[in-house]
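*Asks:* Just dropping this structure here.
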Amino acid sequence: MSLNGSVTFEKYKLDNGLDVILHIDRTLPVVAVNLWYHVGSAREVPGKSGFAHLFEHMMFQGSQNAGAGLHFKIIEDAGGTLNGSTTTDRTNYWATVPKNYLAHILWLESDRMGWLLSAMTQKKLDTQIDVVKNERRQNYDNRPYGLAFEILSKHLYPEDHPYSWTTIGSMEDISNASLEDVKSFFKRYYGPNNASLCIGGDITVDEAKNLVEQYFGDISSGPPVGKLVPRIPDLDDAKYVIHEDNVQLPRLYTAWHTSYLYGKGDAEVDLVVDALARGKNSRLYRSLVYEKQIAQDVSFFHLSREIGSLAIVVATARPGNTLDEIQRAIDEEINTFIRDGLTDREYERIRNAQKSSFTYSLQKVGGFFGVTDRLNEYNVFLDDPGFINKDLDRYLSADKESIRAAAKKYVQPDKRVVLSIVPKGKKELAVKT
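Below, the structure is given as structure tokens:
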């Protein structure tokens, strides 16, 4: 089963290398403008982490012709919505507005793509460095369990691997970012030839093309940006890490390397995760929370990324229980799954869940995971926005045996990183090596 080409679009390229994707949806009189830059923290180098995320902030600080605050003012005054985000692999910006504001949004996006640096000042940079440092304090350094993913990353990857640091960057690197550093980073990665622009909604194709040419056609191309290739470390053995934190309850993180985004086995691992921990009827939740009552909560997620993915189980112990017994219970459920595979009922449940979640995401033209966002994702990572009509096949073509085989291949007890976060002075609650 697939979408049978139900999402239609037109893709073309400007002379400066900008990919443009147009998608018509006349359901509502709105337009969605979605812009992806193929740059995330994986494009950074040791000692200069956090630059991609810093630029997510800097891009809203005003450009040559659009002053600081104008981006938000125009869109919000129009009754529209906007946002942006940065991951290891890409940075995106989107806005959804009434259709008569299309030209305004394209002007705003083009001005910061082509003319940001002339308006960048040390004062603006210093302000946003302080904002990002405060964000790091709030979401990482001073939040209970906030350093978990940073600690995991350091133990899952060698120091020179671009996934060994987090997207937020280190406090030292953020503090030391110079104006020349960030300008060089922008010149390297934020040119039109490293970007994908998708416009969807109640548009006229000829008008959209004319506006794109008008606002983006004169922007100079940047230097070539090569593709990143998968780089998945091979753990020699299991690693056990203990971190004492200002928390009340111990929490367990167990992480495995898997495939890479859209690679072989990527969809199957998604389905393994769904079977084991999607919903309160899933195996891990039922066993740890309901039956054994040793965990407050348990989740399992698959972080699919461009050059290497991770599967991570997270479980918080109930008072009086240790992470060691939680790990044993998790291993028991995983080993049973690898041995016996899925039941017919589980198989249908996870297939239906994938179908419904994918279909629901296509009901909106803009925003995160909407049609324009998905078209850009497939274009950036696969050079094929048409994969939107085939992606669901990856999941529906996976049978019970291929899903079991993926669990056996990737979720191995001897090749993982086990992180125990425990209350200060309570190392005895951690997983025993």
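Sequential numbering from 261 applies to the sequence shown in my numbering. All C-beta atoms in this analysis are idealised placements derived from N, C-alpha and C, irrespective of residue type, glycine included. The structure presented is a predicted model; accordingly, all values stated were derived computationally and were not measured.
1. Let me know the secondary structure DSSP gives Gly327 once reduced to three states.
2. Distance, Cα to Cα, Met261 vs Gly525?
3. Just the C-alpha distance for Val485 and Ile598, rounded to the nearest angstrom, thanks.
4. Checking the sheet assignment: what are the DSSP bridge partners for Ile572?
5. Here's the rule I'm using: 16 or more other beta-carbon atoms within 10 Å means buried, otherwise exposed. How should Pro510 be labelled?
6. By Cβ distance, which residues of its chain are closer than 6 Å to Val472, with the 5 residues on each side in sequence left out?
7. Taking the straight line between their C-alpha atoms, what separation do you get for Pro404 and His503?
8. For the alpha helix (DSSP H) containing Leu412, list its first residue and its last residue.
9. Contact between the segment 647 to 666 and the segment 367 to 381 is defined here as three or more beta-carbon pairs at a separation below 8 Å; is this criterion met?
10. So if DSSP puts Asp505 in a beta bridge, which residue, or which two residues, is it bridged to?
11. Could you give the C-beta distance for Lys660 and Gly601, rounded to a whole number, given that I count them as a contact under 8 Å?
12. Looking only at its own chain, which residues have a Cβ that is under 6 Å from the Cβ of Leu570, when we skip the five neighbours before and after it?
13. Quick check on Glu606: buried or exposed, where buried means 16 or more other Cβ atoms within 10 Å of its Cβ?
14. As a quick exercise: from Asp275, Asp386 and Gly340, pick the residue whose alpha carbon is nearest that of Phe315.
15. By the DSSP assignment, the alpha helix (DSSP H) with Lys393 in it spans what residues?
16. Considering only the alpha carbon of each residue, which of Val501, His364, Asp285 and Ile586 lies closest to His415?
17. Going by DSSP, name the residue or residues bridged to Ser456.
18. Out of curiosity, what's the CA-to-CA distance linking Asp584 and Leu689?
19. What residue range is occupied by the uninterrupted alpha helix (DSSP H) comprising Thr596?
20. In this structure, does DSSP put Gln556 in helix, strand or coil?
21. Look at the alpha carbon of Ser621 and the alpha carbon of Tyr361, and state the distance between them as a whole number of angstroms.
22. What residues in its chain sit with their C-beta under 7 Å from that of Asp349, if we drop five residues either side in the sequence?
23. With H, G and I counted as helix, E and B as strand and the rest as coil, what does DSSP make of Asn402?
24. Taking the Cβ atom as the reference point for each residue, do Val640 and Ser456 lie within a distance shorter than 8 Å?
25. Among the candidates Asn276, Asp674, Gly685 and Val290, whose CA atom is the shortest distance from the CA of Leu696?
26. Quick one: Cα of Ser657 to Cα of Arg611, how far?
27. Expressed to the nearest angstrom, what Euclidean distance is found between the alpha-carbon atoms of Asp589 and Asp604?
28. So what does DSSP say about Ile648, is it helix, strand or coil?
29. With a cut-off of 8 Å on the beta carbons, I'd call Tyr513 and Leu412 a contact; round off their distance for me.
30. Please state whether DSSP places Asp674 in a helix, a strand or coil.
31. What are the boundary residues of the alpha helix (DSSP H) that includes Trp367?
32. Could you check whether Val442 and Gly310 sit closer than 8 Å to each other, using their CB atoms as the reference points?
33. On the three-state DSSP scale, how would you describe Glu701?
34. Write down the C-beta distance between Gln321 and Lys384 rounded to the nearest angstrom, noting that I regard them as a contact closer than 8 Å.
35. Just verifying my parser: in three-state terms, what is the DSSP assignment at Lys499?
36. Spatial neighbours of Asp633 within its chain, please: CB distance less than 6 Å, with the 5 preceding and 5 following residues excluded, ordered by chain position.
*Replies:* On the basis of the supplied data:
1. On the sequence shown, position 67 is the one that residue 327 refers to. Gly327 falls in the coil class under three-state DSSP.
2. Position 1 of the sequence shown, counted from the first residue, corresponds to residue 261. Position 265 of the sequence shown, counted from the first residue, corresponds to residue 525. In this prediction, Met261 has a pLDDT of 31, which is less than 50 and means its spatial position is unreliable; nothing more can be read from the coordinates.
3. Stepping through the sequence shown from its first residue, residue 485 is reached at position 225. Stepping through the sequence shown from its first residue, residue 598 is reached at position 338. When rounded, the distance between both Cα atoms is 41 Å.
4. In the sequence shown, counting from the first residue as 1, residue 572 sits at position 312. DSSP, once it has assigned bridges, lists Ala515 and Phe561 as partnering Ile572.
5. Translated into positions along the sequence shown, residue 510 becomes position 250. Buried, by the Cβ-count rule.
6. In the sequence shown, residue 472 corresponds to position 212, counting from 1. Cβ within range, chain order: Val280.
7. Residue mapping note: residue 404 aligns to position 144 of the sequence shown, counting from 1. Residue mapping note: residue 503 aligns to position 243 of the sequence shown, counting from 1. Going by the C-alpha atoms only, they are around 11 Å apart.
8. Within the sequence shown, the letter at position 152 stands for residue 412. Where Leu412 is concerned, the enclosing alpha helix (DSSP H) stretches over Ala408 to Leu416.
9. no
10. Residue mapping note: residue 505 aligns to position 245 of the sequence shown, counting from 1. DSSP lists Pro683 as partners of Asp505.
11. As a position in the sequence shown, residue 660 is number 400, starting the count at 1. As a position in the sequence shown, residue 601 is number 341, starting the count at 1. Indeed they touch by this definition, with Cβ atoms about 5 Å apart.
12. Residue mapping note: residue 570 aligns to position 310 of the sequence shown, counting from 1. Answer for Leu570: Ala515 and Leu563, listed in chain order.
13. Residue 606 sits at position 346 when you count from the first residue of the sequence shown. When all chains shown are included, Glu606 counts as buried.
14. Translated into positions along the sequence shown, residue 315 becomes position 55. Comparing Cα-Cα distances from Phe315 to each of Asp275, Asp386 and Gly340, the minimum goes to Asp386.
15. Stepping through the sequence shown from its first residue, residue 393 is reached at position 133. Per DSSP, Lys393 belongs to the alpha helix (DSSP H) from Gln382 to Arg396.
16. Taking the first residue of the sequence shown as 1, we reach residue 415 at position 155. It is Val501.
17. Taking the sequence shown and counting its residues from 1, one reaches residue 456 at position 196. Answer by DSSP bridge pairing, in chain order: Asp279 and Trp296.
18. For this step, residue 584 is matched to residue 324 along the sequence shown. For this step, residue 689 is matched to residue 429 along the sequence shown. Cα to Cα, Asp584 sits roughly 7 Å from Leu689.
19. Here residue 596 refers to the residue found at position 336 when the sequence shown is read from its first residue. Here the alpha helix (DSSP H) through Thr596 covers Leu583 to Asp600.
20. The residue given as residue 556 occupies position 296 in the sequence shown. Here Gln556 sits in strand by DSSP.
21. Translated into positions along the sequence shown, residue 621 becomes position 361. Translated into positions along the sequence shown, residue 361 becomes position 101. C-alpha separation (whole angstroms): 24 Å.
22. Here residue 349 corresponds to residue number 89 of the sequence shown, with the count starting at 1. Only Gly300, Ala302, Arg565 and Glu566 meet the Cβ criterion.
23. In the sequence shown, residue 402 corresponds to position 142, counting from 1. Coil, per DSSP.
24. Taking the first residue of the sequence shown as 1, we reach residue 640 at position 380. Taking the first residue of the sequence shown as 1, we reach residue 456 at position 196. Their beta carbons are under 8 Å apart, which means Val640 touches Ser456 by this criterion.
25. Outside the shown range of the chain, which is 261 to 693, sits residue 696, and nothing can be said about it.
26. The count along the sequence shown starts at 1 and reaches residue 657 at position 397. The count along the sequence shown starts at 1 and reaches residue 611 at position 351. C-alpha separation (whole angstroms): 10 Å.
27. By 1-based counting over the sequence shown, the position of residue 589 is 329. By 1-based counting over the sequence shown, the position of residue 604 is 344. Sequence check: residue 589 is Ala here, not Asp. In a straight line, the C-alpha of Ala589 is about 23 Å away from that of Asp604.
28. In the sequence shown, counting from the first residue as 1, residue 648 sits at position 388. The answer is helix: DSSP assigns Ile648 an H, G or I state.
29. Within the sequence shown, residue 513 is the residue found at index 253, counting from 1. Within the sequence shown, residue 412 is the residue found at index 152, counting from 1. Right, their Cβ atoms sit about 6 Å apart.
30. As a first step, residue 674 must be located in the sequence shown, where it is residue number 414. Reduced to three states, the DSSP call for Asp674 is coil.
31. Sequence index remark: in the sequence shown, residue 367 carries index 107 (1-based). Taken as a continuous stretch (DSSP letters only), the alpha helix (DSSP H) holding Trp367 covers Leu362 to Gly374.
32. Counting from one through the sequence shown, the residue named residue 310 turns up at place 50. Counting from one through the sequence shown, the residue named residue 442 turns up at place 182. No. Outside cutoff.
33. In the structure displayed, the chain extends from 261 to 693; residue 701 sits before or after that span and is not available.
34. Stepping through the sequence shown from its first residue, residue 321 is reached at position 61. Stepping through the sequence shown from its first residue, residue 384 is reached at position 124. The Cβ separation is near 5 Å, so the contact holds.
35. Looking up residue 499 in the sequence shown gives position 239. Lys499: strand per DSSP, three-state reduction.
36. Sequence index remark: in the sequence shown, residue 633 carries index 373 (1-based). The residues are Asn294.
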